[in-house]
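**Student:** This is the structure, below, for whatever I ask next.
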Amino acid sequence: MFKFLARADEQVDDLTVPVDEQYIKLTSEKIEALKGSKLADYELKDILGTGSFGKVRLVRHKKTSSIFALKQLAKSLILRTKQLEHIMAEKNILAQLQFPFIVQFFGSLQDEKHVYLVLEYVIGGEFFTHLRSANRFPNDTGRFYAAGVVLAFEHLHDQDIIYRDLKPENLLLDNVGYVKVTDFGFAKRVDPTIKTWTLCGTPEYLAPEIILNKGHGKAVDWWALGVLIYEMLVGYPPFYSEDRMALYQNILSGKVDYPRHVSRQARDIISKLLTADLTRRLGTLRHGSKDIRRHPWFRGFDWNALMCKKLTAPIVPHAQSEDDTSYFDEYPEEEDDAAPIHASEQELFRDF
Numbered sequence: 111m112f113k114f115l116a117r118a119d120e121q122v123d124d125l126t127v128p129v130d131e132q133y134i135k136l137t138s139e140k141i142e143a144l145k146g147s148k149l150a151d152y153e154l155k156d157i158l159g160t161g162s163f164g165k166v167r168l169v170r171h172k173k174t175s176s177i178f179a180l181k182q183l184a185k186s187l188i189l190r191t192k193q194l195e196h197i198m199a200e201k202n203i204l205a206q207l208q209f210p211f212i213v214q215f216f217g218s219l220q221d222e223k224h225v226y227l228v229l230e231y232v233i234g235g236e237f238f239t240h241l242r243s244a245n246r247f248p249n250d251t252g253r254f255y256a257a258g259v260v261l262a263f264e265h266l267h268d269q270d271i272i273y274r275d276l277k278p279e280n281l282l283l284d285n286v287g288y289v290k291v292t293d294f295g296f297a298k299r300v301d302p303t304i305k306t307w308t309l310c311g312t313p314e315y316l317a318p319e320i321i322l323n324k325g326h327g328k329a330v331d332w333w334a335l336g337v338l339i340y341e342m343l344v345g346y347p348p349f350y351s352e353d354r355m356a357l358y359q360n361i362l363s364g365k366v367d368y369p370r371h372v373s374r375q376a377r378d379i380i381s382k383l384l385t386a387d388l389t390r391r392l393g394t395l396r397h398g399s400k401d402i403r404r405h406p407w408f409r410g411f412d413w414n415a416l417m418c419k420k421l422t423a424p425i426v427p428h429a430q431s432e433d434d435t436s437y438f439d440e441y442p443e444e445e446d447d448a449a450p451i452h453a454s455e456q457e458l459f460r461d462f
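Numbering (the numbering used here), first residue to last: 111 to 462.
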């Protein structure tokens, strides 16, 4: 249940908008329809992306004709790089989430060489591509997309999940131009009274407490939101340097330079999110994420309409069909070179 920004003469805490029941019903029906499915039950189509652990491919479920994105990961590589715990955590966390601003998980399967995650196909492609095409966004465009991330993080944090990998490459745009958070490889469920210590995330988006190995919690996601807002409005991250150590020094110094076109309200919310002192960082104070939604940068923003997807997005993809891949780069088909694993190692994937 979410509480949204109201007009000045209204009580914020009186406004609540739940996740749409129809959305949950349709999602649950799709999940049920895919239970027990195997790779042979899907028609394999275009490759949508590749990475160090595998690839993501467009697929069509033969029985229902529904379109999905299939994330394929090589078991041998998962074991060799000691990523089994992260992969299992990603699958288990995604399986517990049904939220319109988070890419939907529909099921998992495996064969001798690979594990697969069946995910929602988000047709508008990577947010990164749209941002780079524009170079930088106008204030209202940045505000719209930042708001979607705020609601996604609120939903995660309410369930004691920290995301830890916000960046433009991990956001997608759906068919009506709304943002969806994807790639939960670094996400973790944590006891709010206990810090976690893993060094993970994208260097430009790391909070100071991660770099200093002080232990961290949900606050790192709000720091990353500040970096994202800056990058959307300016065109590059606030602490950027090609030298990794210089980048970390820039983050620890906390000095942010603002071009003249960045509004006073935008500068204020960015600076309050990019605050090293956790007792002062926006999103971590007594009212939590409500302080972000109440900030003057969001004044007049209709959170209720955003949640119900009644606002017209600044960028609306123009897809020709439900399996249109024009917003993704083309990738050549490559021979599968995943190494087989021993029978005893297969047991490690029993619960996938």
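Glycine residues also receive a C-beta, built at the ideal position from the N, C-alpha and C atoms.
Under three-state DSSP, which class holds R370?
**Tutor:** Here R370 sits in coil by DSSP.
**Student:** Give me, in chain order, the residues of the same chain whose beta-carbon lies closer than 7 Å to that of I425; leave out the 5 immediate sequence neighbours on both sides.
**Tutor:** Here the set comprises H240, L283, G287.
**Student:** At the level of alpha carbons, what is the spacing between F459 and D221?
**Tutor:** So the alpha carbons of these two residues sit roughly 10 Å apart.
**Student:** Between the stretch 257-270 and the stretch 405-417, are three or more C-beta pairs nearer than 8 Å?
**Tutor:** Contact between the stretch 257-270 and the stretch 405-417 is present, because at least three Cβ pairs lie under 8 Å.
**Student:** Whole angstroms is fine: what's the gap from K113's alpha carbon to K400's?
**Tutor:** Confidence is the limiting factor: at K113 the pLDDT is only 39, short of 50, which leaves the residue's position unreliable, though a coordinate-based value still follows. Approximately 8 Å, taken between the alpha carbons.
**Student:** Find the nearest neighbour of R167 within the set D156, T174, I177, judged by alpha-carbon distance.
**Tutor:** When each option's Cα is compared against that of R167, the closest is D156.
**Student:** Quick one: grab the DSSP three-state call for D250.
**Tutor:** DSSP places D250 in helix when its eight states are reduced to three.
**Student:** Quick one: is F408 near chain B, going by C-beta distance under 9 Å?
**Tutor:** This model lacks chain B altogether; it includes just one protein chain.
**Student:** Alpha carbon to alpha carbon, how far is M355 from L229?
**Tutor:** Their backbone Cα atoms lie some 36 Å apart in a straight line.
**Student:** Ordered along the chain, which non-local residues of its own chain (more than five positions away) have a Cβ less than 6 Å from that of G164?
**Tutor:** Excluding residues within five positions, the ones whose Cβ falls inside 6 Å are Q182, L183, A184.
**Student:** When the Cα atoms are used, what is the spatial distance from E445 to N249?
**Tutor:** Roughly 45 Å between the two C-alpha positions.
**Student:** Pick helix, strand or coil for K223, following the three-state DSSP scheme.
**Tutor:** The answer is coil: DSSP assigns K223 none of H, G, I, E or B.
**Student:** Sort L180, A143, S147, K148 by Cα distance to T160 and report the nearest one.
**Tutor:** Nearest C-alpha to T160: L180.
**Student:** Let me know the secondary structure DSSP gives T160 once reduced to three states.
**Tutor:** Strand, per DSSP.
**Student:** State the beta-bridge partners of A179 as determined by DSSP.
**Tutor:** A179 is bridged to L168, L229.
**Student:** Per DSSP, what kind of secondary structure is S518 in: helix, strand or coil?
**Tutor:** For the chain, the structure presents residues 111 to 462; residue 518 sits outside this window and is missing.
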